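Each step along the sequence shown adds one to the number in numbering that gives the first Met the number 0, with nothing skipped, and position 415 is 414. Read the structure below first, then the notes.
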Amino acid sequence: MSFKSDLPIHNRLNPRKTGIPPLYKRLVIGLVSLITLYLIFGKSKTPIFDVPEIDEQILESNLEVSYEADSHIYEVTKDGITEKPEADFEYFDLNDFKGSAEGMNNGDVVLFLMPLRNAEGVLSMAFHNLMNLTYDHGLIDIGFLVSDCSEGDRTLEKVFEYSVALQNGTLVEKLRKEETSKHKSGSSDLYQLYMDQDYMNNVKNSYDPKSFHKDYEKPFRSITIYQKDFGQAIGQGFSDRHAVKVQGIRRKLMGRARNWLTSNALKAYHSWVYWRDVDIETCPGSVIQDLMKHDYDVMVPNVWRPLPSFLGNEQPYDLNSWVESEPALELASKLDEDDVIVEGYAEYPTWRVHLAYIREKDGNPNEVVDLDGVGGVSILAKADIFRQGVNFPAFTFLNHAETEAFGKLSKKMGFKVGGLPHYTIWHIYEPSEDDLMKIAKLERSKRRKKNTRS
Ligand SMILES: Nc1nc2c(ncn2[C@@H]2O[C@H](COP(=O)(O)OP(=O)(O)OP(=O)(O)O)[C@@H](O)[C@H]2O)c(=O)[nH]1
Ligand SMILES: [Mg+2]
0 MSFKSDLPIH
10 NRLNPRKTGI
20 PPLYKRLVIG
30 LVSLITLYLI
40 FGKSKTPIFD
50 VPEIDEQILE
60 SNLEVSYEAD
70 SHIYEVTKDG
80 ITEKPEADFE
90 YFDLNDFKGS
100 AEGMNNGDVV
110 LFLMPLRNAE
120 GVLSMAFHNL
130 MNLTYDHGLI
140 DIGFLVSDCS
150 EGDRTLEKVF
160 EYSVALQNGT
170 LVEKLRKEET
180 SKHKSGSSDL
190 YQLYMDQDYM
200 NNVKNSYDPK
210 SFHKDYEKPF
220 RSITIYQKDF
230 GQAIGQGFSD
240 RHAVKVQGIR
250 RKLMGRARNW
260 LTSNALKAYH
270 SWVYWRDVDI
280 ETCPGSVIQD
290 LMKHDYDVMV
300 PNVWRPLPSF
310 LGNEQPYDLN
320 SWVESEPALE
330 LASKLDEDDV
340 IVEGYAEYPT
350 WRVHLAYIRE
360 KDGNPNEVVD
370 LDGVGGVSIL
380 AKADIFRQGV
390 NFPAFTFLNH
400 AETEAFGKLS
410 KKMGFKVGGL
420 PHYTIWHIYE
430 PSEDDLMKIA
440 KLERSKRRKK
450 NTRS
């Protein structure tokens, strides 16, 4: 029986008949064989597949380690097999880095991530807030991502400067000197006179050395600064970045930036990732522990901001943390697949419960509300969720993008997402153009009154 096939395995049973090759072919084959034999047996002094003798001691210690580490890496070289030197690889059992409610006592390492753009003016405040963290600094790796700053902006240089000073223990003094020279030059923010004075006193106290905790100046485990532009063209001014049309584009680019930072900075030994915006004015130093103790996969505090007294002293600020609603789901079902719903705009009546609005001033700071969308101002998340694929969608996911989509995605993947309605951190107040006009008007009338009195 013969097979009609060209496949070599079939031809094994029915070999193709070949004649004797011509003389020149036989000469070439002979020459190549001689060279090969010389190379193998003539030139080489050591056998090619020689396995070097393994030192008994090394073998024993490896056996001991193998119970603990459960794996080793061996390298095949041209001279045999060697165990890779320790410095070349690290072994991590990811079960050890899952993150727990008692993270600080367990030595959980936290990756602190902060995106930055044109942030020069608020960096001293942000670095004070960093030092104010009471989670052991020796257990925190910091990653800054500086992107798309305007020409002439010095965010990157400032981050370099402050980070070095922070790590060598000279930052408090440096910031104090900067503050003093600012006062000497007479620069003061007029709007501060119109803010609620209780709030202003609270700010003053938070930045007063008398209230610094004992490890305020302790260096952090590490600081890494990343610089990469993502092509963010929308201005960083208050009105620019709040226009409804630009929200989708802006948020998706921020999603890219956040994902890029996570992918680069997250290491196997991190148990938690804490995201923090630069423009937070006051925040309890224990914020990481306070969010951690609930043992949620994703947890956020409430974010409010102060306002001038003529606008009512304070305001719920971050509307991106919310509980999903039927009207919003119905709205989403009528939108285009790529449309991004943004909270707080008349164009998108979602009727959702916002974490910001359910705050009670004297409410229990430990009360937890399960959420669907989250804002990015201050997110504590288990590092494990990123390893499993949660990210900040840089595309429209369920009609959301970036942090709100991150909340939805976490939820979809079965993770617990929550917020603390009565635990508040305070975003800075940046006067809008209207507010500045109002302040100027009030100042003028103040002056007029003064002049008529004198
Ligand atoms: N790397 C990077 N950081 C950015 C970019 N845009 C904003 N940031 C930073 O991201 C954080 C949040 O930015 P904000 O401008 O406050 O944006 P937001 O929180 O959505 O807006 P608000 O709620 O109005 O404050 C801050 O720390 C910014 O410095 C960007 O394009 N790239
Ligand atoms: Mg902000």
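C-beta: ideal position from N, C-alpha, C; glycine also. Because the structure is a prediction, the values reported are computed rather than measured.
Query: Following a CB-centred definition, is ASP188 positioned closer than 6 Å to any heavy atom of ligand 2?; Result: no
Query: LEU110 and ALA264: beta carbons closer than 7 Å?; Result: yes
Query: Check whether the Cβ of PRO114 sits closer than 6 Å to any heavy atom of ligand 1, and report yes or no.; Result: yes
Query: With burial defined as no fewer than 16 other Cβ atoms inside 10 Å of the residue's Cβ, what is the status of ASN301: buried or exposed?; Result: buried
Query: If ARG175 sits next to GLU119, beta carbons under 8 Å apart, how far is it from one beta carbon to the other, in whole angstroms?; Result: Contact doesn't hold; Cβ gap of about 18 Å is too wide.
Query: Starting from the N-terminal end, write out each residue whose C-beta falls within a distance shorter than 6 Å of any non-hydrogen atom of ligand 2.; Result: ASP276, ASP278, HIS426
Query: List the whole-angstrom C-beta distance separating ILE222 from GLN166, where the pair is believed to meet the contact cut-off of C-beta under 8 Å.; Result: 6 Å
Query: Per DSSP, what kind of secondary structure is LYS381 in: helix, strand or coil?; Result: strand
Query: What first and last residue would you give for the alpha helix (DSSP H) that runs through MET124?; Result: 122-130
Query: Counting along the chain, where does the alpha helix (DSSP H) carrying SER221 start and finish?; Result: No alpha helix (DSSP H) holds SER221; the beta strand (DSSP E) holding it covers 221-226.
Query: From LEU330 to LYS251, what does the alpha carbon distance come to, in whole angstroms?; Result: 21 Å
Query: What do you get for TYR90, buried or exposed, if any count of 16 or more other CB atoms within 10 angstroms of its CB means buried?; Result: exposed
Query: Return the first residue and the last residue of the alpha helix (DSSP H) that PHE159 is part of.; Result: 154-166
Query: Should LEU144 be listed as close to ligand 1, given that the test is whether its C-beta is under 6 Å from any heavy atom?; Result: yes
Query: Can you name the residues that DSSP bridges to ASN301?; Result: THR423
Query: Check whether the stretch 432-439 and the stretch 204-218 are in contact - that is, three or more C-beta pairs closer than 8 Å.; Result: no
Query: By DSSP, does ARG358 sit in helix, in strand, or in coil?; Result: coil
Query: In terms of residues, what are the limits of the beta strand (DSSP E) holding ILE141?; Result: 139-145
Query: Does TRP468 come out as helix, strand or coil in the three-state DSSP assignment?; Result: Nothing can be reported for residue 468: it is not among the residues displayed for the chain, which extend from 0 to 453.
Query: Using beta carbons (cut-off 7 Å, strictly below), is VAL171 in contact with chain B?; Result: The chain labelled as chain B is not found in the depicted structure, where only one protein chain is given.
Query: Could you tell me the alpha carbon to alpha carbon distance between VAL389 and VAL277, rounded to whole angstroms?; Result: 23 Å
Query: Is the beta carbon of LEU260 closer than 7 Å to that of LEU144?; Result: yes
Query: Give the C-beta separation of VAL416 and ASP296 to the nearest angstrom, bearing in mind that I take them to be a contact with Cβ-Cβ under 8 Å.; Result: 7 Å
Query: Between the alpha carbons of PHE391 and ALA125, how many angstroms are there, rounded?; Result: 23 Å
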